[in-house]
Amino acid sequence: MAGLDEIQLYSKRRAIYIIVGIVMLLFVGRLIQLQVLYQEWYGKKSEENSFRTIPRDPVRGYMYDRTGRLVVDNRPAFTVTIMPFEFDKRNINYLATLLAYKQEFISERLGKGEQHSRFVPAKIARDVDFGVLSALEERRGSLPGVDYITESKRHYTTRANASHILGYTKEISELQMKSLGEEYVQGDVVGASGLEASYESVLRGVKGAEVSVVNVRGQVIGSLDQGKHDTPPIEGDDLLLTMDFELQALAESLFTDKRGALVALDTRTGGVLAMVSKPDYPLEAFSGVTPPEIWRALNSDEAKPLFNRATLTRYPPGSTYKMILAVAALERKIVSPSWQVTCTGAYRFGNKTFGDEHVHGTVNMVEAIQRSCNVYFYQLMMKTGIDVWAEYGAKFGFGKYTGVDIGEETSGLLPTTQWMDKRYGAKGWTLGFLPSLGIGQGELGVSPIQMACYATALAMQGTYYQPHAVAAIKRKGLMRMDTLRYETKHFDVSPGTWRVVREGMRRVVEELGGTAGLARVRGIQSAGKTGTAQNPHGKSHAWYIGFAPFDEPQIAIAVLVENVGYGGSYAAPIAGMCIEKYLFGRITRFDAPVLPPRPARTDSVTTLTPITALAPVDSLKFPGDGN
Amino acid sequence: MAGQFKEHFDVKTFFTSLALVIVGLVSIYSATYDAGLSDIAFKQMIWAGGGLVIMLIIAYSPFKLIQFLAYPSYVATILLLVSVLLLGRTVSGSQSWFNLGPLRLQPSEFAKLTTALALATYLSRSDISLQQLKHLLVASGIVLLPVVLILLQPDTGTAIIYLAMFLPVLFWGGASHFVIVAAIAPPSVALAALFGTTPFLIAVLVFGVLLYLTKQNRVLAAMVFSVTVLVGVSSQFIYDGMKPYQQKRIQTFLDPSSADPRGAGYNVLQSKVAIGSGGVFGKGYLQGTQTQLNFIPEQWTDFIFCVPGEEFGFLGACAVLFLFTALLVRGVHVAAIVKNKFASFLAIAIVGVFAPHIFINVGMALGLLPVIGVPLPFLSYGGSALIANVMMVGLLMNLYANRKEY
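Protein chains in written order, with our numbering: chain A, 2 to 628; chain B, 41 to 446.
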């Protein structure tokens, strides 16, 4: 080759080959690094790029009452979402105006969503009004990343609120997100109170997921492998309640102008038939988005509407507690049923005088219960002593949790010697404390649900149930019904004792001189006991516990009306009406006895309407009522 | 008969390039499959068909005609480069296109070829020696003229190719090691300086030692050394004077994670994800999610290497690299076996055009080099580049066929 040295060319050619070879080996090395050693990491990256897993929320389970009537179901609600990576933050102001939300609120929600993932839509505004949604839809072109999804919100089918027992659902808080576990993300709705909270795991169902393929702009191209990777959400299971919503609606209406609580139990199962805590609130207020004003109003209301009085209060039971002392004294043979006390209207112990409403004269135990003679029980308490009394209180479930399935409750307070020593010091209290306890005053603290269980135990002669509102769970996916089992305890008390105590309670309602004539139900015999619990903050709390029918009890009830006065005047009539409603499906107590019975109406609404109108019980004051 | 045919037809070069063109069409089809740009693959197929005809025409043209046309074609492309600056059409910030009805022509692609021709013609003259400064300067001038015109467009990537192509020619032509080191040192030190002080000092030290080893006259060596240091020091200032997109590309190269994920670094990251996720066997043709869902912007141009990388995996990527290696080796082989000096220089210049394209483009797709807008020969979409490339293959085949001519 002319002009170029052959030998030099040979070495130059080799040099170039070596350079090309080195570069190519470098590339192959890099390919091995990327495609073999780090394939997994890059593979994951590419999946994250192109697959989007969008969770699909399941439909929350329904609730049915004992008659099979649908009580809680769901309605569609529109939720506005923002896909963070597509959204232009300059649009926040505009979006805020459209949604009528504060800018900061949207920024905060978006920020939290972004933290979770830039490629998962963040829920911004729940339960958006349809008008707003249309406005949004029109302007979608100028609001990239803004979309809406259809979710469900709770819907309540009956006229009853049942706020505290059913409970409300609420968007998950950060605290709950940590405690409830990984399945939950921001924007999820969870049960926040009542049955919604305690049966959250049953009602919630299982989330599904849709795996979509998206392009570089995040647009969904289609589902991955024709939906092979999708999992459908599994509907939540349904609750079959022990409740009777006819009764619940009536019970609530009877508290229209009152504060207080009512618990009615099925004496054969311990199932809750009705549970009222007043004041309450419409659950609808929580089904969508709850405006902060409403939250503030409910939280700061001095009447504490969010507070479940049926399970969380701790009031002295007053005279309704006298049967405990009677049972204790009879069982321990401290006195016989015929033991008599002459009531002069007061009882002196040391330098203290314990009063009574009336001068009852000479009474035996049955009469003392019937007429609620305090003096009798002062003296009986002195004979029985605090520990025997407390032992029987405990048998009836006081000072302990009932185990009711609606979440929060209080154990109340049942004083014993031990407790008194701790509270006042071993020498800090005297026997002078006992007479008050004997009539259900003093340190003693009980909740209405405990009282209803107590009434049940009296009705069933020693059978004590774990109260509950859910009878069974309908497992839709498994096509089967799971009946829930609850604890049932029985404690032995001699039939003679029961006979005496229950006769006293029967006379309270049925006999002249009893304190709860207003609880009487036409056609059956029932039993009960009134209580008027003194309290330092205003008028006394009115109590009534009872059960019916007397011979074959089906319903036990406890009623508490705050700061009104006598139990016989205020609490007993409510119980009477509820018992009649439950047993007969009608209320005839206000009809004149000469009139033929009204034809039974099947339409619950028309039956209920006049009751609501009659509900204020002020006119029903019964002057002869005494404790 | 077959032996006779092989004697005049460079089977290896032809089939290697044909395979690369086919891989290119297959890759472009995949890259544009879901992007609603189906006409791109079709257009490229037309270009490939036309290119094949041109390639064969050049392969069978008389050797003398090629020598005769070398200078005129160089002058013609220089004129085209001047007029494209005056009349051309701006595409993505660079004025490098001619609109000829439905065809858009990029003169800078053809100028690579004609510069190679002119350089080979000049260096093949018996009175020319690269040892002489005057001749070295003329040769540099032949290369720098189009470089200046292309930098004015501006198209940094293509300009770099011209400079890179000059190196093997200098080496082949017997330029002293000093010249080669002097040509490499300043840009290398400048690049090292962008990485920080330590790489800069190491580079300065390495090139200082290399210059010393070339045993050149001390004054000249000192001059080159000072220029190198000066260029290195001033590179930061040059960097500041750069256009933002150029700065960004350099930043991205230095630290891909710091750059905006949607910016220049995004491309590199997505490219690496595409290739890395391909694994050993690939995701299958038209199954690459990165490719099909367009995660790599304009993938059919500069990032086409990701397609075989993702869809055919390590095996596919290696096959492509093997084809390129075969082509380069074949070019060097032709340069070594031809009897004619012009032919030898032309072959090595053609290798000098292909090699930096391949190295820079693949290095970029693998995240080893900064993002420089350089197409991958035969694979990247682009009619002008494809035609220019197959013309160079045609030339190689012609040189092989006429290898025994003096």
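Ideal placement from N, C-alpha and C gives every residue a C-beta, glycine not left out.
Requested in this report: Evaluate K530 (chain A) with the Cβ neighbour count: other Cβ atoms within 10 Å of its Cβ, from every protein chain shown; 16 or more gives buried, anything less gives exposed.
Outcome: buried
**Report entry** Interface flag, L167 (chain A) vs chain B, CB-CB below 7 Å
**Finding:** no
Requested in this report: Let me know the alpha helix (DSSP H) ranges lying completely inside the segment 103-174 of chain A, each 4 residues or longer, listed in chain order.
Outcome: 104-117, 131-139 and 164-167
**Report entry** Neighbour list for R91 (chain A) in chain B, Cβ cutoff strictly below 7 Å
**Finding:** Within chain B, no residue comes near R91 (chain A); the closest Cβ sits about 17 Å away, beyond 7 Å.
Report task. Express the C-alpha separation of R91 (chain A) and F54 (chain B) in angstroms, rounding to a whole number. Result -> 57 Å
Query raised in the report: Within the 7 Å Cβ cut-off, does L1 (chain A) reach chain B?
Result: Only positions 2 to 628 of chain A appear in this structure, which leaves residue 1 (chain A) out of reach.
Query raised in the report: Using Cβ-Cβ distances below 7 Å, what residues of the segment 78-101 of chain B are close to chain A?
Result: none
Report task. Tell me, please, whether the CB atom of V178 (chain B) is closer than 7 Å to any CB atom in chain A? Result -> no
Requested in this report: My understanding is that V203 (chain A) touches D238 (chain A), with C-beta atoms under 8 Å, so please give their C-beta distance in whole angstroms.
Outcome: 5 Å
Query raised in the report: So, S448 (chain A) versus T312 (chain A), is the Cβ gap smaller than 7 Å?
Result: yes
Query raised in the report: Since Y465 (chain A) sits in a beta bridge, which residues does DSSP pair it with?
Result: A:K490
**Report entry** Helix, strand or coil at K530 (chain A) [DSSP, three-state]
**Finding:** strand
**Report entry** A557 (chain A) and A460 (chain A) closer than 7 Å at C-beta
**Finding:** yes
Query - In chain order, each beta strand (DSSP E) run of at least 3 residues that lies wholly inside the segment 244-284 of chain A - result: 261-267 and 273-279
Requested in this report: Quick one: using the 10 Å Cβ neighbour count with 16 as the cut-off for buried, is A304 (chain A) buried or exposed?
Outcome: exposed
Query raised in the report: Can the beta-carbon of E201 (chain A) be found less than 7 Å from the beta-carbon of G192 (chain A)?
Result: yes
Query raised in the report: Is the segment 230-247 of chain A close to the segment 51-67 of chain A, with three or more CB pairs under 8 Å?
Result: yes
**Report entry** Distance, V246 (chain B) Cα to D342 (chain B) Cα
**Finding:** 33 Å
Query raised in the report: In the segment 382-441 of chain B, which residue ranges form an unbroken alpha helix (DSSP H) of at least 4 residues, counting only runs that do not cross its ends?
Result: 423-441
Query raised in the report: Helix, strand or coil for F211 (chain B) per DSSP?
Result: helix
Query - Residues that G318 (chain B) contacts on chain A, provided the C-beta gap is smaller than 7 Å - result: Q36
Query - Residue of A:I166, A:S199, A:G463 and A:D357 minimising C-alpha distance to A275 (chain A) - result: A:I166
Query raised in the report: Are the segment 317-332 of chain B and the segment 55-71 of chain B in contact at 8 Å, needing three or more beta carbon pairs?
Result: yes
Query raised in the report: What are the boundary residues of the beta strand (DSSP E) that L241 (chain A) is part of?
Result: D239 to L242
Query raised in the report: Taking DSSP as the reference, what is the three-state secondary structure of H542 (chain A)?
Result: strand
Report task. Return the residue from the list B:T254, B:Q256 and B:A225 that minimises the CA-CA distance to L241 (chain B). Result -> B:A225
Requested in this report: Assign W42 (chain A) to buried or exposed, taking buried as 16 or more other Cβ atoms, counted over all protein chains shown, within 10 Å of its Cβ.
Outcome: exposed
Query raised in the report: Distance, Cα to Cα, L519 (chain A) vs L196 (chain A)?
Result: 33 Å
Requested in this report: Rank A:G439, A:T417 and A:G289 by C-alpha distance to the C-alpha of D130 (chain A) and give the top, closest one.
Outcome: A:G289
Requested in this report: On the DSSP bridge assignment, give the partners of I315 (chain B) in chain order.
Outcome: DSSP lists no partner for I315 (chain B).
**Report entry** Within the segment 556-592 of chain A, ranges of the beta strand (DSSP E) (whole runs, at least 3 residues)
**Finding:** 556-562
Query raised in the report: Of the choices A:K13, A:T270, A:L27 and A:A16, whose alpha-carbon is the least far from that of L409 (chain B)?
Result: A:L27
Query raised in the report: Alpha carbon to alpha carbon, what distance is there between A572 (chain A) and A528 (chain A)?
Result: 14 Å
Query raised in the report: By Cβ distance, which residues of its chain are closer than 6 Å to R523 (chain A), with the 5 residues on each side in sequence left out?
Result: T589
Requested in this report: Please say whether L445 (chain A) and L438 (chain A) have beta carbons closer to each other than 7 Å?
Outcome: yes
Report task. Using a Cβ-Cβ cut-off of less than 7 Å, give me the residues of the segment 44-60 of chain A that come near chain B, in sequence order. Result -> G44, K46, S47, N50 and S51
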